[in-house]
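See below for the structure under consideration.
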Amino acid sequence: MGVGFTYMLSELTLPNGTLQLPVFLPDGTQGVVRTLDARDVEEAHIQAVQMNVFHLMQRPGSSTIQALGGLHRMAGWSRPIFTDSGGFQVYSLLRQNAKSGSINDKGATFRPEGSDRKFNLTPEKSVQLQLSYGSDVVICLDDCTHVDDPLAEQEKSVARTVQWAARCKAEFEKIVGQRGLTEGERPSLIAVVQGGAEPDLRRQCAEALLQIGFDGYGYGGWPLDADGKLLSEMLQLTRDLIPPQFTLHALGVGHPANVVACARMGYNIFDSTMPTRDARHGRLMIFTTDPRNGRLDEAGKFFRYIYIKDKKHVKTQQPLSEFCDCLACTRYSLGYLHHLYNLNDVLYQRLATLHNLRFMTQMMENIRSEGSQKIAKG
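Whatever position you read off the sequence shown (first residue = 1), add 3 for our numbering.
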């Protein structure tokens with residue numbers, strides 16, 4: 004463990020491997036990083052993936068996951084897996100359609116669109132499912148809010164999130180004890196700090212969760228304001244509230260400039276669907292200068308987007324990026340990727356997703372290098 008830079012942890016050891024921090028996790032929400040197999044994901048230098056209880060309990064279903072040997076065996080992925088509790092997804096579903104279900108102090112009841120079945124998700128159930136799936140990092144169920152929700156809603160969210168976190172920990176410790184898991188065998192348990200844009204509530208939530216005691220913590224709630232700008236003050240406050248010996252997960256943060264900014268605040272785990280979703284829809288990220296050299300600016304000038312459908316790419320023989328070592332850039336031309344996109348061929352989606360993920364891991368390598376240099380200088 005080093006001291007210096009803004010983040011203090013350089014590694015996180017989990018049952019299925021040790022992660023170099025800070026780290027970016029692509030979302031393999033339903034047990035797959037879309038369009039890629041496990042070997043592709045490894046070749047993009049991804050250290051761990053994040054999956055989601057809300058989606059997995061519906062498809063393929065918990066009994067199927069267990070029958071297939073748990074998430075690692077099912078997905079052919081031997082490295083660490085984080086599992087999200089599903090709290091944000093339930094909140095999003097109910098915010099879009101209140102008739103889809105309800106949330107109370109006991110937990111959440113919901114019926115996804117197009118489903119005839121009702122699902123119940125309590126703090127205990129969320130932990131039970133995540134442990135049964137073989138997760139390396141279990142995330143407590145939290146009561147999510149929108150940053151613009153009124154104070155009364157934020158207060159209710161914090162009280163419920165703390166209560167649920169205590170119940171999650173009790174269930175977690177019970178199951179770990181029943182299984183007789185050693186310190187090295189058991190997964191980590193992360194609690195989520197809520198409070199919207201209210202500093203006092205963020206502080207209240209963080210202090211209560213620290214009192215209960217967890218292996219790591221996460222920033223809860225949407226990290227952007229109504230204009231799409233990073234909620235820097237709240238993110239910095241939350242990092243300041245959590246002692247540096249704990250990991251802090253910037254849940255849902257994936258825009259490159261925002262990742263750089265949050266890493267410098269001291270956040271060391273990131274996840275997002277953005278890089279893979281953007282790739283499938285034709286928006287690719289490339290560095291403007293060699294990421295192995297120099298400091299990445301927080302304004303985001305270190306990268307730009309290429310929109311693969313643009314006609315100007317049709318006869319371009321150069322690779323997508325001269326600074327990337329992924330399969331798309333080392334073997335194919337930008338013009339060929341444009342051709343594949345227009346054909347709507349699945350090869351485009353695979354190559355593009357590989358590239359965007361490699362962009363993210365190159366960026367994380369740069370950030371880790373910067374931190375190491377500052378630690379070395381003392």
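Glycine included, every Cβ here is placed at the ideal spot set by N, Cα and C.
Reduced DSSP category for F122 - H, G, I as helix; E, B as strand; rest coil: Residue numbering aside, residue 122 sits at position 119 when the sequence shown is read from its first letter. Note: F122 maps to strand in three-state DSSP.
message: Helix, strand or coil, according to DSSP, for R307 in the structure here?
response: To locate residue 307, count along the sequence shown from 1; it is residue 304. Correct three-state label for R307: strand.
message: Does R98 pass the burial test, meaning 16 or more other C-beta atoms within 10 Å, or should it be called exposed?
response: Walking along the sequence shown from the start, residue 98 turns up at place 95. With fewer than 16 other Cβ atoms within 10 Å, it is exposed.
message: Between the alpha carbons of D228 and L234, how many angstroms are there, rounded?
response: Numbered from 1 along the sequence shown, position 225 holds the residue referred to as residue 228. Numbered from 1 along the sequence shown, position 231 holds the residue referred to as residue 234. For D228 and L234, the distance between alpha carbons rounds to 6 angstroms.
Option in C147, K102, L213 with minimal Cα separation from Q92: Residue 92 sits at position 89 when you count from the first residue of the sequence shown. Ranking the options by Cα distance to Q92, first place goes to C147.
- request: Indicate the three-state DSSP secondary structure (helix, strand or coil) for A168 in the structure shown.
  value: Position 165 of the sequence shown, counted from the start, is the residue given in the question as residue 168. It is helical.
message: Please tell me whether, using a cut-off of 6 angstroms, the distance from the CB of M367 to the nearest non-hydrogen atom of the ligand SAM is below it.
response: Here there are no bound small molecules, and the ligand SAM is not part of this structure.
Coarse secondary structure for D243, derived from DSSP in three states: Residue numbering aside, residue 243 sits at position 240 when the sequence shown is read from its first letter. Three-state result, D243: helix.
query: So, helix, strand or coil for I49, using DSSP?
result: Within the sequence shown, the letter at position 46 stands for residue 49. Reduced to three states, the DSSP call for I49 is coil.
task: Report the three-state DSSP secondary structure of M54 (helix, strand or coil).
output: Counting from one through the sequence shown, the residue named residue 54 turns up at place 51. DSSP places M54 in strand when its eight states are reduced to three.
query: How would you call Q365, buried or exposed, if buried means at least 16 neighbouring beta carbons within 10 angstroms?
result: For the purposes of this step, residue 365 is taken as the residue at position 362 of the sequence shown. By the neighbour-count rule (16 or more Cβ atoms within 10 Å), Q365 is buried.
- prompt: Do L238 and C208 have their CB atoms nearer than 7 angstroms?
  reply: As a working note, residue 238 is residue 235 in the sequence shown. As a working note, residue 208 is residue 205 in the sequence shown. Going by C-beta atoms, L238 is not nearer than 7 angstroms to C208.
query: Quick one: what's H252 bridged to in DSSP?
result: Position 249 of the sequence shown, counting from 1, holds the residue named residue 252. Under DSSP, H252 takes part in a beta bridge, and its partners are G221, I272.
- prompt: Could you check where the beta strand (DSSP E) with P29 kicks off and where it finishes?
  reply: The count along the sequence shown starts at 1 and reaches residue 29 at position 26. Where P29 is concerned, the enclosing beta strand (DSSP E) stretches over 26 to 29.
query: Ends of the beta strand (DSSP E) at D108?
result: Here residue 108 refers to the residue found at position 105 of the sequence shown. Per DSSP, D108 belongs to no beta strand (DSSP E) and is neither H nor E.
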